[in-house]
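Asks: The structure follows.
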Amino acid sequence: MHDAVYWLLCILLFVSDVDHSLGLTEDSNMTVTGSCIEKERQALLIFKSDLKVMNDWRNEEGKMDCCKWPGVYCDTDTGHVTELRLSIYPNLVGKINRSVKLLKQLQTLDLSGIDFQSNQIPNFLGSLTTYSICICLMLISVDLFLISLEISPICLFLVSVVIRLGGSIPHEIGSLSNLSDLNLSNNSLVGSIPWSWLSSMSLRYIDLSSNQLSGDLPNSVGQLSNLTSLDVSSVWSSLSSLSLAHNSLSGSISDFTGCQSLEKLDLSDNRLSGDLPNSLGQLSNLEYLDVSSNSLHGVISDLHFINLSSLTYLDMSFNSLAFELNSLFRKERGIVANGRLSAVTTSLVLKQLQTLDLSGIDFQSNHIPNFLGSLTNLEYLVMSNANLTEPIPYQLGNLSNLIELNLKGNSLVGSIPHELGNLSNLTYLDLSDNLLWGSIPFSFGALTSLTYLYLSNNKLVGVIPQQLGNLSNLESLDLRRTIYPIFSSLEGCIPFSFGASTSLTDLDLSGNLFKGSLPNFAGLPSSLRDLSLAHNSFNGTIPDNFTGWESLIELDLSGNQLSGDLSYSVGQLSNLYILNVSNNYLHGVISDPHFIDLSSLYVLDMSFNSFSFNFSSHFRFPFQLQTINLQSCNLGPSFPVWLKSQIMFEDLDISSNGISGVVPGWFWNLPIRLKSLKLSSNEFTGTPPGITINFDEYPGLDLSNNRFEGNLSFLCHIDGEITLIDLSNNSFSGSLPDCWSQFTHLVVFNLSYNNLSGNIPLSFGFLNQLEALYLRKNAFVGELHISLSNCTNLRFMDVGENKLCGKIPLWIGERLSGLYGLVLRSNMFSGSLPRQICWLSNLRILDLSKNKLAGNLPSCFGNFSSMTNRYEDDVRTRHSSQMYGRFIFKSNRSFEPEEFIDNALVAWKGTYRSFGRSNLDLLNIIDLSTNSLSGELPSEITLLVELVSLNISINKLHGELPKDIGNLTSLDFLDLSRNQFSGKIPSSLSQLNGLGVLDLSYNNLSGKIPSAPQLQRFDSSSYEGNPLLYGPPLTPIYGPTPATPIDEEDDDFFKSYYTGMGARFAVGFWGICSVIFFNRRCRHLLFASLSLAMDWIYVTVVVLFRKVKRFWAHLHL
């Protein structure tokens, strides 16, 4: 019905007095020229003068009959103009002249496509009060409807679809007392809705959707008793509709008790809040209800649906509603008294429902109720991203009319019900992003109407059923896996039956375990546009026949085990937009024929292969690439000159290619829309020039691991919102320029391993988006300035191995609460360790070693709560920079997003080890070694049960070791050496089963080393330097070790050990005896078994004895 409204282009009008300013007077004796009334012909000529272009309307011989003018239609009996349709004239610009009022018998006025230049609706619409006529005007492409027709319309439609009406809604429209239908949708109207005149009118249809209206939704809306439809949708309109959708209306939804005739209610895409009123459940004539995309909250109960027996369309998606699915149903004998509805013996309240959209609602991990399968009229069921769990009910297979089923983005488990294969009308099925397991049902082969099948990101296993090749209408099949372990993947080969499909355009099987040779492309449907077989186990060569594949837009074969050359026939794919063959074992020469016809190529990724590139000097590349990813592709040792032809790229990665020498000067004339530039891990030399480099959006610059030199003044010429700068592992020198106020979007800044010196600039304080700062291994001096406290988003800060001095600033703990990694190693920091350091509850890496710190350790280490929990995948270690997103370098179906991953260099088992992408998530470390710290080791440190490494060696700590140190069960490295600890070694250390390194040497420990195996396996160097410590593995120096009493702690340990063994033996022995004694059957079975065993032993011994006897008798013969 909404299509009928959109294409109904009519104005039924009656005209009153003539405006004397037109120079025309009304004459009762009208002159007729041919079949056209002269006065109306003159009015049309004046009307034309303000619109221009309409050259067919002329005042000359042979053109006098206005009824023959294009767009003008007259009554055949009276000669009056009855219809004026100007939509036949394209590109009209101008205004509506008031002379149109002279067309007294005009019934239809079509102004579609006229540009009225964004003027507002005139206030004199309120003067249309003389007659009762219907104005129905649809302006499909207008900027203004400017009209003053002194009539009293019963319906007024001013609808724009492309170009927009501007201004506000005139209050004078409220004077149209006979108005029943009002449509002002799809415009750019602003301001509030003049609700004051609504209650005095007899409106039954109001459509104000898709404007920019604002203000609250008043209670008076619910008092429009004649209203049959409330519609706020931009695309759905009917003759009984009030539409307020796609605006900016706020407030709560009114009480609709008085709107018993309402058939359609659409309030979608506003800013409405509060609860949904229960009175909606009383609208027994309501057929269409859409409140989606608001900020509604509260509980949806049975009262909201109690009488909605006519409802066919329900959309409550994208709100914060709590939903009880039982509220869609009621018992056979009425509503349950307590308002909660049972699924037992239910009959449908919403038996006419055809569309149900509850996506984006939090169902609080509830399941999809089985009785949804009873809504047999359902055509569209959408419950995506709704926090649903448990298996998909097989009863959904009863919905024989279902066209679309979308359960994407939940936590559904179990296998896919084979009953879904009964949905013969289904065209769209999306079960992606769930936890479904098992195989793809063979019954899906019966879904012959299916067009889109999305099962990606589940835990499906097995092979692709051959029956899917029967889906002749299938256009898109997505079975990719990106988030689950590799053992939960589809496998096998691609079914040959796919070759019979003539409609398939999009096939994505990436991230599974498909293996074998790639199928011959001639055996796949030639209709394919997007083919992604990435990150599987395909081997062999890439087929060399791409004939007939001219429609292919994306080809992604990355992440397999393909070998051999890349066929020249790839160069024939003239529509190819994305070519990705990265991460394989391909080799050979890439030359002119590979690219000769790739005029549409936009993204090229050939990284991590063994190609060499050899293009002829006269070859003209037919494309301009946006993304060039040639990482680790053997481009060197010379700089690839052919890149000079690419002047529009946005992302370039030629890292790890063995390219050496100075970067050519022409290369630095980079494109103005550059997003990322990655030249890392080559042998580049020289200094980047000081020319302006324009970065667009959120880019990154990575020149790391080269031999660049000189100062960093070129950074001050970077223009744009750059997010990553990595210049680490070069030979840059000098002090840092003080121009960092322009880098307010910088997220990652890495200057490690250079020869930089001087103070850290104060303008670093402008880096308020910074998350990772690396200044490791330079020669920076001075203190950490307080300006750095503005970098409140910092997660990882490594300024180790410099010459920084002063006290550790208090603001580190007070302002940088997000820090999980703090490395100040090998500087000259002094003073005591501030207590504010314990405020860093997210801290997982604390390295203050090799400084001049003194004083006692604070007793608040237990506040490091991140060291008490295990993080298998800590997102804090990753930093999103557009440069490192694989969607830049790969296709938009990339398998694994790539981000900048922090890297921590820590002392580990006698050497320095780098922890990064594969193991940083598991690192929890405290290193306070090589300082002058004193006092006791706080017992609170034993609360850090996920601590992996603790090194407090070479300090002046004293006192006894905490008795509960054995609680640190995750410890792999423990070094307490070269302090002044005294007392006995706590026996709880024997609980550290995973301890790989233990060093207690050179302290004042005494007593016997606990004899637990976990401590005996370390050699004597772990305990040496403690004169009063004895027992294995220490070797006595002067004679045998004197007999000494058993250590009290050891005695207690062995007492408890033997006592436990005795208790367990007693319980087991008497438990078996009790069963034998009290259970007659067991007793008989036991004795019968013993009797049989004795008989077997007796027979075996006798037989063996007789054999031996015979053997000896034979021997004596």
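Residue 702 in my numbering is what sits at position 701 of the sequence shown, and the numbering runs on without skipping anything.
Glycine included, each C-beta is placed from N, C-alpha and C at the ideal position.
In this structure, how does DSSP classify Ser1023 when only helix, strand and coil are distinguished?
Replies: On the sequence shown, position 1022 is the one that residue 1023 refers to. Reduced to three states, the DSSP call for Ser1023 is helix.
Asks: Apply the 10 Å Cβ neighbour rule to Ile38 and answer buried if 16 or more other Cβ atoms are within range, or exposed otherwise.
Replies: Against the sequence shown, residue 38 aligns to sequence position 37. By the 10 Å Cβ count, Ile38 comes out buried.
Asks: Just list the beta strand (DSSP E) runs in the stretch 766-804, keeping only unbroken ones of 3 residues or longer that don't cross its boundaries, in chain order.
Replies: 773-775, 780-783, 797-799
Asks: Could you tell me how far apart the beta carbons of Ser568 and Ala535 are, in whole angstroms, since I believe they sit closer than 8 Å?
Replies: In the sequence shown, the residue the question calls residue 568 occupies position 567. In the sequence shown, the residue the question calls residue 535 occupies position 534. Not quite, the Cβ-Cβ distance comes to about 18 Å (not below 8 Å), so this is no contact.
Asks: Between which two residues does the alpha helix (DSSP H) harbouring Ala44 extend?
Replies: Against the sequence shown, residue 44 aligns to sequence position 43. Per DSSP, the continuous alpha helix (DSSP H) segment holding Ala44 begins and ends at 39-50.
Asks: In the DSSP assignment, find the unbroken beta strand (DSSP E) run with Ile207 in it and report its ends.
Replies: Sequence index remark: in the sequence shown, residue 207 carries index 206 (1-based). Segment 206-208, the beta strand (DSSP E) holding Ile207.
Asks: For Ser833, which of Ser827, Ser842, Gly856 has the nearest alpha-carbon?
Replies: Mapped onto the sequence shown, residue 833 falls at position 832. For the options Ser827, Ser842, Gly856, the alpha carbon positioned closest to that of Ser833 is the one of Gly856.
Asks: Tell me the rounded alpha-carbon separation between Thr970 and Gly995.
Replies: Position 969 of the sequence shown, counted from the start, is the residue given in the question as residue 970. Position 994 of the sequence shown, counted from the start, is the residue given in the question as residue 995. The alpha-carbon separation between Thr970 and Gly995 amounts to approximately 7 Å.
Asks: Can you list, in chain order, the residues of its chain with a C-beta nearer than 7 Å to that of Leu577? Leave out the 5 residues immediately preceding and following it.
Replies: Residue 577 sits at position 576 when you count from the first residue of the sequence shown. Once the five neighbours on either side are set aside, the close Cβ partners of Leu577 are Leu553, Ile554, Leu556, Leu599, Ser601, Leu602.
Asks: So Pro1014 is in the beta strand (DSSP E); what residue range does that whole segment cover?
Replies: Residue numbering aside, residue 1014 sits at position 1013 when the sequence shown is read from its first letter. Here Pro1014 belongs to no beta strand (DSSP E); instead the alpha helix (DSSP H) covers 1014-1017.
Asks: Taking the straight line between their C-alpha atoms, what separation do you get for Glu738 and Glu710?
Replies: The residue labelled residue 738 in the question sits at position 737 within the sequence shown. The residue labelled residue 710 in the question sits at position 709 within the sequence shown. The question names Glu, but residue 738 is Pro in the sequence shown. Roughly 15 Å between the two C-alpha positions.
Asks: So is Asp727 buried or exposed if we call it buried at 16+ other beta carbons inside 10 Å?
Replies: Position 726 of the sequence shown, counting from 1, holds the residue named residue 727. Per the 10 Å Cβ criterion, buried.
Asks: If you reduce the DSSP assignment to three classes, tell me which class Tyr429 lands in.
Replies: Walking along the sequence shown from the start, residue 429 turns up at place 428. Strand.
Asks: Taking DSSP as the reference, what is the three-state secondary structure of Val1068?
Replies: Position 1067 of the sequence shown, counted from the start, is the residue given in the question as residue 1068. Reduced to three states, the DSSP call for Val1068 is helix.
Asks: Is Tyr603 helix, strand or coil by DSSP?
Replies: Within the sequence shown, numbered from 1, the residue matching residue 603 stands at position 602. In the structure shown, Tyr603 sits in coil (DSSP, three-state: anything other than H, G, I, E or B).
Asks: DSSP on Glu62, reduced to helix/strand/coil?
Replies: Residue numbering aside, residue 62 sits at position 61 when the sequence shown is read from its first letter. Of the three classes helix, strand and coil, the one that applies to Glu62 here is coil, per DSSP.
Asks: Quick one: residues in its chain with C-beta nearer than 6 Å to the C-beta of Asn423, no 5 flanking neighbours on either side, listed in chain order?
Replies: Position 422 of the sequence shown, counted from the start, is the residue given in the question as residue 423. Cβ neighbours of Asn423 beyond the five flanking positions: Gly398.
Asks: May I have the straight-line CA-CA distance separating Val1102 from Ser1090, to the nearest angstrom?
Replies: For the purposes of this step, residue 1102 is taken as the residue at position 1101 of the sequence shown. For the purposes of this step, residue 1090 is taken as the residue at position 1089 of the sequence shown. Their Cα atoms are separated by approximately 18 Å.
Asks: Could you tell me which uninterrupted beta strand (DSSP E) segments, each at least 3 residues in length, are contained entirely in the stretch 435-509, listed from first to last along the chain?
Replies: 453-455, 477-479, 507-509
Asks: Using a Cβ distance threshold of 8 Å, determine whether the stretch 798-806 contacts the stretch 780-790, with at least three qualifying pairs required.
Replies: yes
Asks: Taking DSSP as the reference, what is the three-state secondary structure of Glu710?
Replies: Position 709 of the sequence shown, counting from 1, holds the residue named residue 710. Glu710 falls in the strand class under three-state DSSP.
Asks: Using DSSP's beta-bridge definition, name the partner residues of Cys75.
Replies: Translated into positions along the sequence shown, residue 75 becomes position 74. Answer is Val82, bridged to Cys75.
Asks: So, is the C-beta of Asp507 closer than 8 Å to a C-beta in chain D?
Replies: This model lacks chain D altogether, as it is built from one protein chain only.
Asks: Asp566 to Asp606, Cα distance in whole Å?
Replies: Here residue 566 corresponds to residue number 565 of the sequence shown, with the count starting at 1. Here residue 606 corresponds to residue number 605 of the sequence shown, with the count starting at 1. When rounded, the distance between both Cα atoms is 15 Å.
Asks: List the whole-angstrom C-beta distance separating Gly439 from Ser416, where the pair is believed to meet the contact cut-off of C-beta under 8 Å.
Replies: The sequence position of residue 439 within the sequence shown is 438, counting from 1. The sequence position of residue 416 within the sequence shown is 415, counting from 1. Correct: roughly 3 Å between the Cβ atoms.
Asks: Sorted by chain position, which residues of the same chain lie with C-beta nearer than 6 Å to Arg979's C-beta, five sequence neighbours on each side aside?
Replies: If you number the sequence shown from 1, residue 979 lands on position 978. Only Ser954, Ile955, Tyr1003 meet the Cβ criterion.
Asks: Spatial neighbours of Ser915 within its chain, please: CB distance less than 6 Å, with the 5 preceding and 5 following residues excluded, ordered by chain position.
Replies: In the sequence shown, the residue the question calls residue 915 occupies position 914. Within the same chain, Ser915 has close Cβ partners Asn904, Leu906.
Asks: Can you tell me which of the three DSSP states Glu815 falls into?
Replies: Counted from its first residue, the sequence shown places residue 815 at position 814. In the three-state reduction of the DSSP assignment, Glu815 falls in the helix class, which pools H, G and I.
Asks: Let me check understanding here. Comparing Cα to Cα, which of Leu403, Asp1000, Asp434, Ile441 lies closest to Ser425?
Replies: Reading the sequence shown from its first residue, position 424 is the one you call residue 425. For the residues Leu403, Asp1000, Asp434, Ile441, the minimum Cα distance to Ser425 belongs to Leu403.
Asks: Ile543: buried (16+ other C-beta within 10 angstroms of its C-beta) or exposed?
Replies: Taking the sequence shown and counting its residues from 1, one reaches residue 543 at position 542. By the 10 Å Cβ count, Ile543 comes out buried.
Asks: Taking buried to mean at least 16 other C-beta atoms within 10 Å of its own C-beta, is Lys853 buried or exposed?
Replies: Taking the sequence shown and counting its residues from 1, one reaches residue 853 at position 852. When all chains shown are included, Lys853 counts as exposed.
Asks: Taking the beta strand (DSSP E) that Phe596 falls in, what are its first and last residues?
Replies: On the sequence shown, residue 596 is found 595 positions in, with the first residue counted as 1. Note, Phe596: premise wrong, no beta strand (DSSP E); alpha helix (DSSP H) at 593-596.
Asks: Based on the DSSP output, what are the partners of Leu87 in its beta bridges?
Replies: In the sequence shown, counting from the first residue as 1, residue 87 sits at position 86. DSSP output for Leu87 lists no bridge partner at all.
Asks: In whole angstroms, what separates the C-alpha of Pro71 from that of Trp58?
Replies: Walking along the sequence shown from the start, residue 71 turns up at place 70. Walking along the sequence shown from the start, residue 58 turns up at place 57. Approximately 8 Å between the Cα atoms of the pair.
Asks: Could you check where the beta strand (DSSP E) with Asn1005 kicks off and where it finishes?
Replies: Position 1004 of the sequence shown, counting from 1, holds the residue named residue 1005. Start and end: 1005-1009.
Asks: Tell me the rounded alpha-carbon separation between Ser296 and Leu268.
Replies: One-based indexing of the sequence shown puts residue 296 at position 295. One-based indexing of the sequence shown puts residue 268 at position 267. One C-alpha to the other measures close to 11 Å.
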